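Notes follow once the structure below has been shown.
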Amino acid sequence: MSDNLGNLELIHVFYWLKELLLSTGLGEPYVTIVSYVVLGAVTFGVLALLALFLVWWERKIAAHIQQRFGPMRTGWHGWYQTIMDAVKLLQKEDVRVDKRDKFVFFWAPVVCFVAAFLAYVVMPFGNQLIVADLSIGILYVLAVTTFTVISLLMAGWGSNNKYALLGGMRSAAQVVSYEVPMVAAILTVIVYVGSLSMVDIVEAQSGLFINWFIFKLPFGPIAFIVYIIAATAEANRVPFDIPEAEQELVAGFNIEYSGMKFAMFFLAEFVNMFTVSAIAVTLFFGGWNGVFLPSWVWFLGKTFLVVLLLMMFRWTYPRLRVDQLMEFAWKFLVPLAFANLILGSIMKYLGWYW
Amino acid sequence: MSDPGSVGIAFWILSAIVLISGLLVVSLKNIFHCALFLMLCLTGVAGIFILLHAEFLAAAQVLVYVGAVSVLMIFAVMLTSNLARKKIVQTNQNALVAFVSCVAFVVGALWLIKGTEVWKFATEALPANNTMTIGKLLMTEFMLPFEVVSVLLVAAMIGAIVLARGEEA
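Keeping their order, the protein sequence lines are chains C and E.
In terms of this note's numbering, the first sequence opens at residue 1 and continues consecutively.
In terms of this note's numbering, the second sequence opens at residue 1001 and continues consecutively.
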């Protein structure tokens, strides 16, 4: 990796922070914990701002696809509209249903919000710019995203509302189903890398863009298409947004939530969308690899392009029906993903790739 | 994670989570809450696996038990209208006998552990990439058990489908 230009080294920042805290005379275990908390808080803050930006971007793209302007009055092209919306949501009354399940109702948005951020522990934002390069990298991401499903089930149950319950159950069924083709598509990449670590996956794609896995794998585009379809379903976005299908379920699992609790679900949804796009970039588009510009610019740029793709899906495709959704997952995507995985493995074994 | 102090703190927190949530699973009246605490308990166990440098096991634990098995359990609870809003009783008339025998077992186990002088420790360091080692072992040395488990799971699944479908065609 030849880019030293503007290369932020998060790990070095972390050690610098640790040294600083150690000099104050605190014990070693406390210093470690405090440094991790600070690092987590910084990542959290950046991602929360990113989610606010994505909400604004989505509204602008939706508006332009529908030949409208979207928010225009708050700043240049309404750039601080979502900040104003967040302030409004903070001030709103926290409506609590009388017959809710108090414990579950309270914890559901918390679990959803935290689960959305957990994946960023292993996200390779740039060369050396990663919080922790776990050896199980991508598997960790798959594991922590399952907490999102649980939070949706909790929200559906805790609200004591039939629409919310239906939304939660639909989402659980959908996410469990689409996880199968998603994992099969990811495994196709893992077979070629021979490691689950996110850094290893990115470094296996270094060099020219021809080395990106979407071009390098025997059937890379198929793996990518399967992944992006399954990821759209995992992020509960149109055309797979049956958990919150407005016409059928009013608003789905988050119907009884208001104020900041609703905002937590809403922001978590956008963070999830960014997560699946960032993983798509890591797996198929070479992650931080690129020329001239700093690595994190490449990573964010590619990720925003994938996010743009997901947003364009949302505003151009109609929603699938529940039975069509399941049929599509089990009868089309799963066989396709596994055929791709088996063919890819055979070709890797025979050495039929460059 | 490298220094023993923070590992110790993490171990105590995780153990507390596992034990308390495990106790709540078998004592709460609301079956949905029980399922949620089961998830918390399994997640805590995954955390302890991470402390033992068994990252692959931890991820598999969360992915399979929390992500799939527990979600299906919650699904079953939601679909069973009889269970949904009812207060369940988790004990029967054998509760006292069970409690006494459990206490006896724990005391006995602790006494045995205290009596053991020499514990076997792994002498060499773990391989840096133990996920790869696990994969290779599963595909070579432990191929037969691995395949037998797969066949067993498929058999159980087919059995469940046959039971659920009932008598018709």
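Ideal placement from N, C-alpha and C gives every residue a C-beta, glycine not left out.
Nothing here was measured: the structure is a model prediction, and the numbers come from that model.
The bridge partners DSSP lists for residue 129 of chain C are C/126. Per the Cβ contact rule, the stretch 100 to 115 of chain C is in contact with the stretch 251 to 265 of chain C (3 or more Cβ pairs under 8 angstroms). For residue 188 of chain C, the enclosing alpha helix (DSSP H) begins and ends at 162 to 193. Straight-line spacing of the CA atoms in residue 275 of chain C and residue 1074 of chain E works out to 26 angstroms. Residue state for residue 59 of chain C is assigned as helix, using DSSP reduced to three classes. Among the residues facing chain C, residue 1062 of chain E is included, as its CB has a counterpart in that chain under 8 angstroms away.
Neighbours of residue 1075 of chain E across chain C, judged by C-beta separation under 9 angstroms: 153, 169, 172, 173, 176.
For residue 1129 of chain E, the chain C residues whose C-beta falls within less than 8 angstroms of its own C-beta are 135, 195, listed in chain order. Between the C-alpha atoms of residue 1111 of chain E and residue 1105 of chain E there is a straight-line separation of about 10 angstroms. Between the C-alpha atoms of residue 270 of chain C and residue 301 of chain C there is a straight-line separation of about 17 angstroms.
Sequence-distant partners of residue 1020 of chain E (beyond 5 residues in either direction) whose C-beta falls short of 7 angstroms from its own C-beta are missing from its chain. Counting the other Cβ atoms within 10 Å of the Cβ of residue 237 of chain C gives 16 or more, which makes it buried.
Comparing C-alpha distances from residue 195 of chain C to each of C/232, C/164, C/254, C/133 shows the shortest one belongs to C/133. Using beta-carbon distances, residue 22 of chain C does not count as an interface residue toward chain E, since no partner is under 8 angstroms. Between the stretch 1054 to 1066 of chain E and the stretch 124 to 139 of chain C there are three or more C-beta pairs closer than 8 angstroms, enough to call the two in contact. Residue 48 of chain C and residue 341 of chain C have their C-alpha atoms some 36 angstroms from each other. About 7 angstroms separates the Cβ atoms of residue 130 of chain C and residue 198 of chain C, confirming a contact at the 8 angstroms cut-off. Per the C-alpha coordinates, the member of C/85, C/75, C/160 positioned closest to residue 98 of chain C is C/160.
For a Cβ distance threshold of 9 angstroms, residue set 135, 136, 139, 196 of chain C lies close to residue 1056 of chain E, ordered along the chain. The beta carbon of residue 142 of chain C sits closer than 7 angstroms to the beta carbons of 183 from its chain, once the five residues preceding and following it are set aside; these are given in chain order.
For residue 272 of chain C, the enclosing alpha helix (DSSP H) begins and ends at 259 to 284. When C-beta distances to chain C are compared with 8 angstroms, the residues of the stretch 1033 to 1045 of chain E below that value are 1033, 1036, 1039, in chain order.
Taking CB atoms only, residue 149 of chain C has a neighbour in chain E less than 8 angstroms away. In this structure residue 233 of chain C does not touch residue 224 of chain C by the C-beta definition: roughly 15 angstroms separates them, more than the 8 angstroms allowed. Annotation for residue 310 of chain C: 232, 237, 273, 277 place their beta carbon closer than 7 angstroms to its own, counting only its chain and skipping 5 residues before and after. Counting along the chain, residue 1157 of chain E sits inside the alpha helix (DSSP H) bounded by residues 1143 to 1165.
About 5 angstroms separates the beta carbon of residue 1031 of chain E from that of residue 1088 of chain E, a gap short enough to meet the 8 angstroms contact definition. At a cut-off of 8 angstroms between beta-carbon atoms, residue 1067 of chain E makes contact with chain C. Taking C-beta separations shorter than 7 angstroms and ignoring five residues to either side along the sequence, the partners of residue 1138 of chain E in its chain run 1146, following chain order. Taking a Cβ-Cβ cut-off of 8 angstroms, residue 1164 of chain E has no neighbours in chain C, whose nearest Cβ is about 16 angstroms from it.
Out of C/290, C/121, C/293, C/316, the CA that lies nearest to the CA of residue 41 of chain C is found in C/121.
At a cut-off of 8 angstroms, the C-beta of residue 108 of chain C has no neighbouring C-beta in chain E. Around residue 1045 of chain E, the same chain offers 1018, 1061 as residues with beta carbons nearer than 7 angstroms, after the five sequence neighbours per side are excluded. Residue environment for residue 1041 of chain E: buried (at least 16 other C-beta atoms within 10 angstroms of its C-beta). A Cβ-Cβ distance of about 7 angstroms is found for the pair residue 205 of chain C and residue 287 of chain C, placing them in contact under the 8 angstroms criterion.
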